[in-house]
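Please read the structure below before turning to the comments.
Residue numbers (the numbering used here), protein chains in the order written: chain H, 1 to 246; chain D, 247 to 548.
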């Protein structure tokens, strides 16, 4: 029976092409709206400072053997002492990430904006597609597929007898929704590659606690064995000079 | 820092542009990327691009970056009028931009209106306390007025937040040395060695300061750092070779009469002296007598 299905050309002209065009236009629109709403993030001085402290402490740890013992010891105390050391985090102050997120309304606001620009257009288009184009076949792909693809390609049609290579209009919407990313990065430039996976990463990045980095670095610094390597350099310099002189 | 290959590329482009061979835009890009200071050339070639409307529109968005670059170069060359024109164009394009505000403050600075410039920088910092360039301009401002202590103060304030910025540490070390505050300079050079342990320049400067401080322990440490400089440069650094000789003779003067003697010392010194003599023979034979009299004065026999 699958051979018998003939698709009206009006379906192509009034469903398939408009749907794709609308999806592309909405994507472009969303890009510009989110660009408008995006507030440039002003780095917090405290966060910057913590990052720099960690960097400097890491330098100290990796190159410790290049400075005299006295200098190293004084630096270790400077970083790690329990009164005002740079890396020392008082116990009560280590606020958890969740609390920090709520204490900063800007952060929550930013997240909401991002989510809004994502969710609202999606719900609207989905409702629109559902209302106008639900329940009929919109396209046929030129190769056969197995039954497992039925739920992907024939969403909204509950007929088990239709061949799987026919695509319902709602499925066409979903295919466009997820498949147009490459096209967007072509029209809007690479920076638009701000897709869902990245968004997820960002959200999990939120929860990272900067103070954790500090105390981890402190522990690392505490176990460093200092051994000044400069005395060895004297021998090496001798060898170098001997080579030159001879 | 600019690597040798990059500098060669830069010089090649420069001669090409000087001789009218084109490639001015590439040259300007490279100057900007390497952050080298060749203001006269940048002003000349940048202006020639900006005055040619066809070339200018060919740059697209980069046009504004070029405006900024030319402005800074013009300020450096005291071409105040050019800078003013550029800033005017930029301001028209980007009203209320902080980056343009920075240029305006620099214009005040170039005119020598210190108090106004200071005020402008302060207000810029209030809006964005993490602007590294403005922090550094403020240090430069104090230095330009001859207020070294003030510059040190600003620089310390900057380093309190941006403590991994090794260029700032280097500047601080040099400022301290100019005020003869060697102990503070020692700390800065240690920071530098920590951040870039294989750069011989920092080892050398550290050793110099330690030698200047004097005292047996410092001299011995200085000698070790001269030795590491020799190792890192492959014995090509004349200053380090002299440093070894000076340190060893200073140490032997301090430890005279004591039985305990640095065993490695004399050999390294005589080797350094021989290397020096060989170097002078090769490159400056007429100054060889001068060298041997100096070495004799240090009681060093090659």
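Just so it is clear, CB atoms sit at the ideal spot from N, CA and C, and this is done for glycine as well.
Predicted, not measured: the structure shown is a model, and the values here were computed from it.
Item: Quick one: give me the first and last residue of the alpha helix (DSSP H) that residue 63/H is part of.; Value: Segment: none, residue 63/H is in no alpha helix (DSSP H) and carries neither H nor E.
Item: By Cβ distance below 7 Å, which residues in the same chain neighbour residue 317/D in space, the five residues on each side in sequence not counted?; Value: 329, 332, 333 and 349
Item: Closer than 7 Å, Cβ to Cβ, to anything on chain H: give me those residues from the segment 475–504 of chain D, in chain order.; Value: 476, 477, 480 and 481
Item: Find the residues of chain D that neighbour residue 233/H, judging by a C-beta separation of less than 7 Å, and give them in chain order.; Value: 470, 473, 474 and 477
Item: So that I know if they touch, is there some Cβ in chain H lying closer than 9 Å to that of residue 285/D?; Value: no
Item: Give the straight-line distance between the Cα atoms of residue 282/D and residue 449/D, rounded to the nearest whole angstrom.; Value: 24 Å
Item: For residue 401/D and residue 352/D, I'd like the C-alpha separation in whole angstroms.; Value: 18 Å
Item: Start and end of the beta strand (DSSP E) containing residue 140/H?; Value: 137–140
Item: Of all Cβ atoms in chain H, is any one closer than 9 Å to the Cβ of residue 343/D?; Value: no
Item: Using a Cβ-Cβ cut-off of 6 Å (strictly less than) and excluding sequence neighbours within five positions of residue 157/H, which residues of its own chain qualify?; Value: 168
Item: Which same chain residues, not among the five before or five after residue 458/D, have their C-beta less than 8 Å away from its C-beta?; Value: 428
Item: Reducing DSSP to helix, strand and coil, say where residue 88/H ends up.; Value: coil
Item: Less than 9 Å between the beta carbons of residue 292/D and residue 325/D, yes or no?; Value: no
Item: For the alpha helix (DSSP H) that residue 369/D lies in, which residues bound it at each end?; Value: 360–373
Item: Pick from 444/D, 265/D and 488/D: whose alpha carbon is nearest that of residue 525/D?; Value: 488/D
Item: Who are the neighbours of residue 408/D on chain H, taking C-beta pairs under 9 Å?; Value: 48, 49 and 52
Item: Let me know the secondary structure DSSP gives residue 167/H once reduced to three states.; Value: strand
Item: What first and last residue would you give for the alpha helix (DSSP H) that runs through residue 290/D?; Value: 285–297
Item: Name the residue from 464/D, 520/D, 501/D and 466/D whose alpha carbon lies nearest to the alpha carbon of residue 244/H.; Value: 520/D
Item: Need the endpoints of the alpha helix (DSSP H) that residue 446/D sits in, please.; Value: 446–459
Item: So the alpha helix (DSSP H) residue 402/D belongs to, where does it begin and stop?; Value: 394–407
Item: Which ranges would you report for the alpha helix (DSSP H) in the segment 405–442 of chain D if only whole runs of at least 4 residues count?; Value: 412–424 and 428–441
Item: Once you ignore the five residues that flank residue 82/H on each side, which residues in its own chain have a CB closer than 7 Å to its CB?; Value: 88
Item: Please tell me whether residue 311/D has its Cβ less than 9 Å away from any Cβ of chain H.; Value: no
Item: Does any residue of chain D have a CB that is nearer than 9 Å to the CB of residue 66/H?; Value: yes
Item: Which one of 440/D, 456/D and 447/D has the shortest CA to CA distance from residue 430/D?; Value: 456/D
Item: Going by C-alpha to C-alpha distance, which of 173/H, 217/H and 69/H sits closest to residue 231/H?; Value: 69/H
Item: Report the CB separation of residue 436/D from residue 67/H in whole angstroms; it is logged as a contact under 8 Å.; Value: 5 Å
Item: Would the beta-carbon of residue 523/D fall within 9 Å of that of residue 544/D?; Value: no
Item: As a quick exercise: from 357/D, 446/D, 356/D and 387/D, pick the residue whose alpha carbon is nearest that of residue 368/D.; Value: 387/D
Item: Check the Cβ-Cβ distances between residue 10/H and every residue of chain D, and say whether any is below 9 Å.; Value: no
Item: Kindly list, in the order they appear in chain H, the residues whose Cβ is closer than 7 Å to that of residue 531/D.; Value: Chain H residues near residue 531/D: none, gap ~18 Å exceeds 7 Å.
Item: What are the start and end residues of the alpha helix (DSSP H) that includes residue 261/D?; Value: 250–264
Item: State the start and end residues of the unbroken alpha helix (DSSP H) segment that holds residue 467/D.; Value: 462–479
Item: Give the residues from the segment 457–469 of chain D that approach chain H closer than 7 Å (Cβ to any Cβ), ordered along the chain.; Value: 467
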